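This report refers to the structure that appears directly beneath it.
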Amino acid sequence: MEPIVLSHRNIGLNHPPLIIAEMSGNHNHSLDQALKIVEAAAKSGAHAVKLQTYTADTMTLDLEEGEFSIHDPESLWSGYSLYQLYKEAYTPWEWHQPIFERCRDLGLIAFSSPFDESAVDFLEELNVPCYKIASFENTDLPLIRKAAKTGKPLIVSIGMATLAELDETVRTIRKAGCQDLILLQCTSSYPASPEDSNILTLPHLQELFQCQVGLSDHTLGIGVSVAGVALGATVIEKHFTLSRAEGGVDSAFSLEPEEMRQLVTETHQAWLAMGKITYGPTVTEENSMKLRRSLYITENMKKGDRLTKENVRIIRPGLGLAPKYYDVILGRKIKNDVPKGTPVSWNLF
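Heads up: the sequence shown begins at 1 in this note's numbering, then just goes up one per residue.
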């Protein structure tokens, strides 16, 4: 697969993984906080910052009855109505431009997840380089079609999607003219557990849809993301906050700046470690070859003496004949006097 060019960066298996810091609602209704999050993301080494573009009214109805409220006691947002949650979490649309400008000033790629078609129109006015479709919207084919028709790369989280739903989504994207597609394995629980991450899906997903793959990781820590890179992830997305202690709708499963720095470092290390299929010594191992075992004379010997188990051993360093010749050379006569510590070679006989 050809690399996908996103702003100033190439994305693909032959390039380090793209690390996206997801701001979500962790700005806590403060533009100043949002800008500080951008600065911290840049300082930590992240490559991109992603927003979410919606309002409470574009997401749901202002109702509190029944299914319009969150009753799950295990949920981070238990007790909220959906409308209340989205009103608290949304990023004001008038903030997008100054946030994107700060990102560009700091060399970060800036984009967003649109949650309805009006958000795509708005983001087009801001000339975003790509679109991210969230897991909960990955079956919203009108929204997906609208984003795909822009011709810009699409990054789609596949949380909760069945294979049939995912096939329909990908077909819709490609029929609309979008060829640059990245599918992100995602577990839509908050926080997610490593056991539910199922990142072995990544190579299967890549092969099935012939596109790049990545990970939208809601687990705590960075281990799952690092493992994802080893399985072919070219994009890693993690929620990001200045401090979990300060709160925020997504802070409980967000990385802090030092953790983000570690994520950037360790995913890059994982990518470097993948290398290529190779056998035999690498260039850096060439000096180590001499520390292999080999055959050495262990006693002072006279011309005509025979090699025995008492005067030949398999030891380090590795400058003599390989150990596989041990039985071959036993019993042979040497043609010259040989001091102890001489590597065994064929010209001794």
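For glycine and all other residues, C-beta sits at the position ideal for the given N, C-alpha and C. Bear in mind that the values here come from a model prediction, so they are computed numbers and not experimental data.
Check each candidate in the options and name the one with the smallest Cα separation from residue i.
i	options	result
I236	L166, T267, A252	T267
Q84	L61, L231, D72, P92	L61
S24	I37, H15, L13	I37
A245	I109, R9, N28	N28
W346	P339, V338, I329	I329
A233	G214, S113, P191	G214
K324	V344, K340, E310	V344
A148	P17, L242, T169	T169
I314	L307, A119, I11, Y326	Y326
G228	Q269, E67, K175, G45	Q269
D167	Q206, D196, P194, K146	Q206
P257	I19, L6, H8, S7	I19
A322	M289, A46, L6	M289
G248	H15, F68, Q33	Q33
A40	L255, P92, M274	L255
Kindly list the residues whose CB is nearer than 8 Å to the CB of residue i, restricted to its own chain and excluding five residues on each side of it in sequence; keep chain order.
i	result
L35	P98, I99, R102
K303	I334, K335, N336, D337
M1	G12, L13, Q210, C211, Q212
N10	P3, I4
P352	Since the first and last residues shown for the chain are 1 and 349, residue 352 lies out of range.
Just to confirm before moving on: does the CB-CB distance between residue i and residue j stay below 8 Å?
i	j	result
L272	S225	no
L291	R316	yes
F115	E137	yes
T58	L123	no
T265	Y296	no
N26	F240	yes
T162	L141	no
R293	G318	yes
I199	L242	no
K146	V120	yes
T139	E117	no
K50	E94	no
P339	N300	yes
Can you round the beta-carbon distance between residue i and residue j to whole angstroms, since I take them to be within the 8 Å contact cut?
i	j	result
S184	I155	Sequence check: residue 184 is Leu here, not Ser. Indeed they touch by this definition, with Cβ atoms about 6 Å apart.
T298	V283	Contact doesn't hold; Cβ gap of about 33 Å is too wide.
L63	S75	Actually they are not in contact, since the Cβ atoms of L63 and S75 sit about 18 Å apart, beyond 8 Å.
L106	A42	4 Å
I133	S112	Actually they are not in contact, since the Cβ atoms of I133 and S112 sit about 11 Å apart, beyond 8 Å.
H96	L143	About 18 Å; that fails the 8 Å criterion.
Between residue i and the rest of its own chain, which residues show a CB-CB distance below 7 Å, the 5 nearest in sequence each way excluded?
i	result
D72	S78
M160	S135, S188
T55	Y90
I222	E259, Q262, L263, E266
F253	Y190, P191, H218, L220, H239
G177	A148, K149, G151
R104	A110
S197	T187, T219, V224
H8	none
S17	The amino acid occupying residue 17 in the given sequence is Pro; Ser does not appear at that position. Contacts found: V229, A233, T234, V235, I236, T267, W271.
By Cβ distance below 6 Å, which residues in the same chain neighbour residue i in space, the five residues on each side in sequence not counted?
i	result
D180	I4, P153
I70	W77, S78, Y80
S216	S157, L184, C186, E237
G382	This structure does not reach residue 382, given that the chain is present from 1 up to 349, and the question cannot be answered.
Y86	A56, M59
Is any non-hydrogen atom of the ligand NAD found closer than 7 Å to the C-beta of residue i, if you look at the structure I gave you?
i	result
S81	Because no ligand of any kind appears in the structure shown, any question about the ligand NAD cannot be addressed here.
Report task. Give, in chain order, every unbroken run of the alpha helix (DSSP H) that is at least 4 residues long and sits entirely within the stretch 256–335. Result -> DSSP runs (the alpha helix (DSSP H)) wholly in the stretch 256–335: 257–274, 326–329.
Report task. Only counting runs of 4 or more residues, tell me where the alpha helix (DSSP H) segments fall wholly within the stretch 154–234, in order along the chain. Result -> Those alpha helix (DSSP H) runs which fall completely within the stretch 154–234 and span 4+ residues are 163–175, 201–209, 223–230.
**Report entry** Those runs of the beta strand (DSSP E) which lie wholly inside the stretch 96–165 and span at least 3 residues
**Finding:** Entirely contained in the stretch 96–165, the beta strand (DSSP E) runs reaching 3 residues are, in chain order, 109–114, 131–133, 154–157.
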